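Step one of this worksheet: look at the structure below.
In full-length UniProt numbering, the protein residues as written are 1 to 263.
Below is the structure:
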């Protein structure tokens with residue numbers, strides 16, 4: 001019996017060790033659960049913040065932004081503006097500098113589609129930005145289907161001048177050939193403008209606002225300009241996008257109208 005009591009006493013002395021070990025395990029499990037919860041919720045929190053930001057802009061009447069130019073002209077280049085709407089609400093104006101001195105055919109195609117100043121009357125007016133991937137691109141310009149498989153260049157209605165500055169434009173089908181100088185320009189920063197394509201020499205009307213550097217596109221897509229004002233509008237367009245390709249967009253981003261600065 002004495003032996004039995006000593007055994008119980010020894011077991012009793014081990015209880016604090018068991019309790020301590022149990023508490024350590026519970027604490028570790030809780031810590032891991034909290035870490036996992038935060039990791040899982042971070043993208044959701046960002047998405048929620050983006051939605052809140054968009055809601056604040058699209059449900060509030062915004063006073064027109066005073067026309068104060070923050071950019072200056074570069075000789076040989078032209079400048080266009082595009083007013084943007086998200087879910088039917090005006091969110092501001094983007095100003096773009098076009099590299100007429102480097103890629104004249106591509107830049108003229110974009111200018112004429114922004115303004116509607118072309119023989120065929122083609123225009124970006126009212127067209128949807130159908131593909132927006134956060135951190136990568138805002139893709140627009142399909143004024144025919146709004147789904148990414150339409151659009152054409154201003155040169156698609158027939159032949160055009162074969163002057164030296166336009167020799168790189170294809171006289172066949174609906175596309176503009178890749179201008180070599182444009183392929184040499186880099187996708188090295190946010191707010192670069194480049195042509196979307198389906199392969200070499202297949203430039204039509206679709207284009208992208210770059211949302212970050214993308215060196216894998218260098219030499220494959222023609223760069224033809226850059227945003228010089230209205231950066232915050234491009235940022236809002238990005239918040240209306242998705243984190244990955246192939247996701248149906250929840251918001252309707254539209255190029256409402258456009259024009260050219262002539263003064």
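Glycine residues also receive a C-beta, built at the ideal position from the N, C-alpha and C atoms. Fair warning: this is a prediction, and the values are worked out from it, not measured in the lab.
Where does the unbroken beta strand (DSSP E) through residue i begin, and where does it stop?
| i | result |
| --- | --- |
| residue 85 | 78-86 |
| residue 259 | 253-261 |
| residue 180 | Where residue 180 is concerned, there is no enclosing beta strand (DSSP E), although the alpha helix (DSSP H) it sits in stretches over 180-184. |
| residue 92 | 89-98 |
| residue 208 | 207-210 |
For the alpha helix (DSSP H) holding residue i, just list the boundary residues, first then last.
| i | result |
| --- | --- |
| residue 237 | 231-239 |
| residue 276 | The question about residue 276 has no answer here: the residues shown for the chain are numbered 1 through 263. |
Among the candidates the options, whose CA atom is the shortest distance from the CA of residue i?
| i | options | result |
| --- | --- | --- |
| residue 133 | 236, 178 and 259 | 236 |
| residue 255 | 17, 179, 130 and 214 | 130 |
| residue 107 | 214, 127 and 154 | 154 |
| residue 71 | 240, 230 and 214 | 230 |
| residue 261 | 112, 52 and 90 | 112 |
| residue 143 | 27, 246 and 116 | 116 |
| residue 177 | 244, 198, 192 and 51 | 198 |
| residue 125 | 137, 136, 141 and 119 | 141 |
| residue 123 | 182, 82, 139 and 86 | 82 |
| residue 52 | 193, 240, 249 and 246 | 240 |
Please check the pair residue i and residue j, which I expect to be a contact at CB under 8 angstroms, by giving their CB distance rounded to whole angstroms.
| i | j | result |
| --- | --- | --- |
| residue 77 | residue 98 | 6 angstroms |
| residue 207 | residue 110 | 7 angstroms |
| residue 80 | residue 204 | Wrong, their Cβ atoms sit about 18 angstroms apart, outside the cutoff. |
| residue 145 | residue 228 | At roughly 30 angstroms, the Cβ-Cβ gap does not stay under 8 angstroms, so residue 145 and residue 228 are not in contact. |
| residue 252 | residue 128 | 7 angstroms |
| residue 135 | residue 233 | Rounded, the Cβ-Cβ distance is 17 angstroms, inconsistent with contact. |
| residue 211 | residue 179 | About 23 angstroms; that fails the 8 angstroms criterion. |
Answer yes or no: does any C-beta atom of chain B fall closer than 9 angstroms to that of residue i?
| i | result |
| --- | --- |
| residue 182 | Here chain B cannot be found, since the structure has a single protein chain. |
Next on the checklist: Under 8 angstroms, with one C-beta from each stretch per pair, do the region 176-188 and the region 218-230 reach the 3-pair mark?
Outcome noted: yes
Next on the checklist: Suppose only complete runs of 4+ residues qualify. What are the alpha helix (DSSP H) ranges in the region 103-167, listed by chain order?
Outcome noted: 104-115
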